[in-house]
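Going by the numbering used here, the residue at position 45 of the sequence shown is 68; the numbering climbs one at a time, nothing skipped. Every residue gets a Cβ at the ideal spot worked out from N, C-alpha and C, and that includes glycine. Comments concern the structure below.
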Amino acid sequence: MDEPKNAEPVKRICAGLLAHVDAGKTTLSEALLYKAGELRQPGRVDHGDSFLDSEPLERSRGITIFSKQARLSRNGTDITLLDTPGHVDFAAETERALSAVDCGILVISANEGVQPHTETLWKLLRRYRIPVFIFVNKMDLAIYRKEEILEELRTRLGVGCVDFRMQSREALEDALTLNSEALTEAMLTEGTLSDEAIASAVSRREIYPCYFGSALKCEGIDALLDGLVRFAPARSAGEKFGARVFKVARDENGERITFVRITGGRLAVRDTIDGGKVHQIRLYSGMKYRTVEQAEAGMICGLTGLTLTKAGMGLGAEEDAGEEILEPFLSCHVRFPDGVDAHRGLQDFRQLAEEDPKLDVSWDEAAGAVAIRMMGQVQLEVLTHLAEERFGYRVEFDSGKIVYKETMMPEAETVEGVGHFEPLHHYAEVHLLLEPGERGSGMTFLTDCPEDELDRNWQRLILTHLRERQHRGVLIGAPVTDLKITLAAGKSHQKHTEGGDFREATYRAVRQGLMQADCCLLEPWFEYRLEVPAENTGRAMADVKRMHGSFQEPERAGEMTVLRGKVPVSEMSEYSRELQSYTGGRGRLNCILSGYERCHNEKEIIEAAGYCPERDVENTADSVFCFHGGSEIVSWRDAPAHMHLPPVLAQKAAGQDAQGTAAEQLRVMAREYSRRAADDRELMAIFERTYGPVKQNPLTAPGATRRKRPERTGFEPVQKEVRKVKTSGNRRRFVLVDGYNLIHAWPELAELAKTDFGASRDRLIEILCNYQGFTQAQVIVVFDAYRVRGGTGSRERVRNIDVIYTKEAETADMYIERVTHEIAKENDVRVVTSDGLEQMIILGHGATRTSSREFVEEIRLIDQAIRDVMNTVN
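What follows is the structure in structure tokens.
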């Protein structure tokens, strides 16, 4: 509905309904729609007439399979309910829907409490920072008191779970202030808590409002609706158009629909976004929809006409969603009936993969069949139904197998993978550092390659190639995970390098690094909850041990014993039937995927796979070099010796050794510095101003005499001294510093410069005075004053260094170039600057260069060396 001009903006909320299967989530959605006046009477799942579970398959099985939305209004607030699947096989669909919601309504059965899949949903809500309302359903059948249920919620989910239907406002405010410092401060200041303050705490996930009732009997529904209106946060919207795709589906006519949440601006029919034109904007409520000419921020709508969209994609100003954490752990091959060739079947299943990207439909060359990935048997039954309904044929699936993964051992050392691709008229070389990541972190790609060595565009292209491919391991050819890959070096050719060259070099570098690395195999593990009669406890514990699993201390629940722990998926997959047999049907098993961990029978799996990485031509680790006008393949073992760039790890090791040697030299210099300080009160005063007084030093005693030394005024006497040095045949050491360049490269000084530039300049001069006293090099610091009108420049002597301010129209670079040209031939001159062009010029004059960042580290090393020596002396 379009808003009237000058009217207050409508508050729009999208609330996601989440629950463990059979907790009553769909029944709750019916009750919410009924109480809001959208339904004449609520439907029932067991009667097969629920408003949102409209698919025949959903009604026949009594479960939600596809996420759907319904719209309602309450007290001037538009609420969109997004009903998500509760079955664990469709958890990935639930995770995708979370990118569109403002808050979640987590439904929990009063008798079942927090179940394994409930904890999975809670982890998802926590990861995506989604505020949560909790509705405890089936209180009319509860065997536990409300206080006992609330205590379990606080223990299992979080202490912020608060009953919002307390007897008095005072009791509610007391409970809220116990869980939020911000609300405590608001209470002390205002004497009461406003709805805005409570909503803010809910938005920060400090408070989780809890409501108790019965969805079937419509008890507690009004309180939940009022709580959503008062305390649910509405997402802030940007001015520019943005939208997040959370689902792709097809209607009864086969038309492709892109479901989006509008996050900013407005969208109109016939607008072109991301290469496609919007034909229709549909506002769905269940299976019914109405079309509108325009959609505004906060709306959930279906768009037709877009053909390139996919779940998780950001449109307009919206960014793409991050990596999802739930993924299928089983794979199987599809068997098509006679008359349906594999090519047609592959295209049909790729259409299904648009709606469920986690299917990961691919062609298995070795098996000559279409391969898919799934979460469980129920999902396969749904796929069978969809193929028959849409494509007119019935498919079958083989028994399936576990999806294994590979990674580097946690304690493995970093390896350098190299790849070179140089057939005729092509060129690219890539050096990557591979190191193990934290378990469950996935693939992380970084760059640590200077842009003056490899252009930024080439670096971005390499990172793109790293992300676009699922890299295969070298043990059984399984996907690689939990790996940190850093681009360390690369090389291109001015004429012959093309984008595809870096793709080939990058893939080969990854593979070459894995061939060297210490790798291991990972397998999926279940987190289980096993409930058995007390007399069967010993049998259950023995079974878990036999399956290479683990369990916590057994819990007593009346006449039953509850075991919790982890176990490999491969061992637990067929256990339910055995459990029912030895418990006489009284045992219950709930499992959720907890993640990937070290494979319990790694050697057996590797031997059974019989995989030879060197024969995998699709994932080769060898490099291609150009020799004598032709191309030659060089084995991955010999490739490092032929690379055109030096090995990065070897350079880093050499640099660390050199740094250790330099540190020792600094300690020697620090000792010499302290000895010089014993004879020179001026340097000691500088040192004490910087590092504090030195105890038990005779120079600090009253009446100590100061050694006289000639005073210098300006730069001219320094030049005369240089000429004098020339006649004696000795070389002096000079350090020329670009002052403002160094200030901006020094974090502490740069921060100080934001508020007091003069203070940062004085602080730098003080530091350089101490540096001169330590190194005995003549320091000249140049400050850029070329924008000072009428400035004639100045030279002054500050304690033991020369400070230069350039004149109008003269930059510090120009001054340093001129002085370097004058003195570098007969003296050792080092210039401190990060200006790339300046560095090239001073090198041409015979001086050496040091970047400002390197100089900062050098001074810090000197600082530490002095402290170490003085601590030893004292």
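Alpha carbon of Ala540 to alpha carbon of Glu341, nearest angstrom: 39 Å
Local conformation of Ile628 per DSSP, three classes: Helix at Ile628.
Three-pair Cβ contact test at 8 Å for the segment 156-171 versus the segment 235-253: yes
Alpha-carbon to alpha-carbon, Leu510 and Ala93: Rounded to the nearest angstrom, the two C-alpha atoms are 47 Å apart.
The segment 416-424 / the segment 521-536 touching (three or more Cβ pairs under 8 Å): no
Residues near Ser783 by beta carbon distance below 6 Å, same chain, minus five either side: Ile766, Leu772, Leu775, Ala776
Coil, strand or helix - Arg534 by DSSP: helix
Presumed contact (8 Å Cβ cut-off) between Val453 and Ile499, rounded CB distance: The Cβ separation is near 25 Å, so there is no contact.
Short Cβ contact (8 Å threshold) for Leu457 with Met431: yes
CB of Ala42 within 8 Å of CB of Leu104, strictly: no
Per DSSP, the bridge partner or partners of Lys424: Ser354
Under the three-state DSSP convention, the category Tyr416 falls into: coil
Beta-carbon proximity list for Ala919, same chain, < 8 Å, skipping 5 on both sides: For residue 919 there is no data in the structure shown, the boundaries of the chain being 24 and 897.
Touching by the beta-carbon criterion (3+ pairs, under 8 Å), the segment 329-348 and the segment 298-311: Below 8 Å, enough C-beta pairs join the segment 329-348 and the segment 298-311 to call them touching: three or more.
Length of the line joining the Cα atoms of Phe797 and Ala205: 52 Å
For Ala832, the first and last residue of its enclosing beta strand (DSSP E): No residue range can be given for Ala832, since it is assigned to no beta strand (DSSP E) and is classified by DSSP as neither H nor E.
Same chain, Cβ closer than 7 Å to Ser226, neighbours up to 5 away in sequence not counted: Pro154, Pro256
For Ala540, the residue or residues it bridges with in DSSP: According to DSSP, Ala540 bridges with nothing at all.
For Arg519, the three-state DSSP class (helix, strand or coil): Just to set this straight, residue 519 is His in the shown sequence, not Arg. The answer is coil: DSSP assigns His519 none of H, G, I, E or B.
Selection from Arg35, Ile36, His110, Leu51 that minimises the alpha carbon distance to Gln400: Closest by C-alpha distance to Gln400, out of Arg35, Ile36, His110, Leu51, is His110.
Terminal residues of the alpha helix (DSSP H) in which Ala662 lies: Residues 662-665.
Exposed unless 16 or more other CB atoms sit within 10 angstroms - verdict on Leu6: No answer is possible for residue 6: it lies beyond the span of the chain, which begins at 24 and ends at 897.
Closest by C-alpha distance to Ile166, when choosing among Tyr598, Ala209, Gly581: When each option's Cα is compared against that of Ile166, the closest is Gly581.
Boundaries of the beta strand (DSSP E) in which Ile790 is found, first to last residue: Per DSSP, Ile790 belongs to no beta strand (DSSP E); it is in the alpha helix (DSSP H), 780-798.
Neighbour-count burial assignment, Met336, 16 or more Cβ in a 10 Å radius: Met336 should be labelled buried.
Nearest residue (CA-CA) to Pro139, options Arg552, Gly362, Arg579: Arg552
Anticipated Cβ contact below 8 Å, Tyr619 with Glu554, distance rounded: With a Cβ gap of about 26 Å, Tyr619 and Glu554 do not count as contacting.
Backbone secondary structure at Asn764 - three-state DSSP: helix
Range of the contiguous alpha helix (DSSP H) that encloses Lys848: Neither: Lys848 is in no alpha helix (DSSP H) and is coded neither H nor E.
The segment 433-446 touching the segment 645-664, judged by at least three CB pairs closer than 8 Å: yes
Simplified DSSP state of His488, which is helix, strand or coil: Secondary structure of His488 (DSSP, three-state): helix.
For Gly368, the three-state DSSP class (helix, strand or coil): helix
Presumed contact (8 Å Cβ cut-off) between Leu506 and Pro459, rounded CB distance: 7 Å
Minimum length 3: unbroken beta strand (DSSP E) runs contained in the segment 167-249: 184-186, 231-235
Cβ shell of Ala59 (< 6 Å), same chain only, five flanking positions each side left out: Beyond the five residues adjoining it in sequence on each side, Ala59 comes within less than 6 Å, by CB distance, of Leu95, Arg97 in the same chain, given in chain order.
Residue-chain proximity (Tyr167, chain D), Cβ-Cβ < 8 Å: The structure shown contains no chain D; it holds only a single protein chain.
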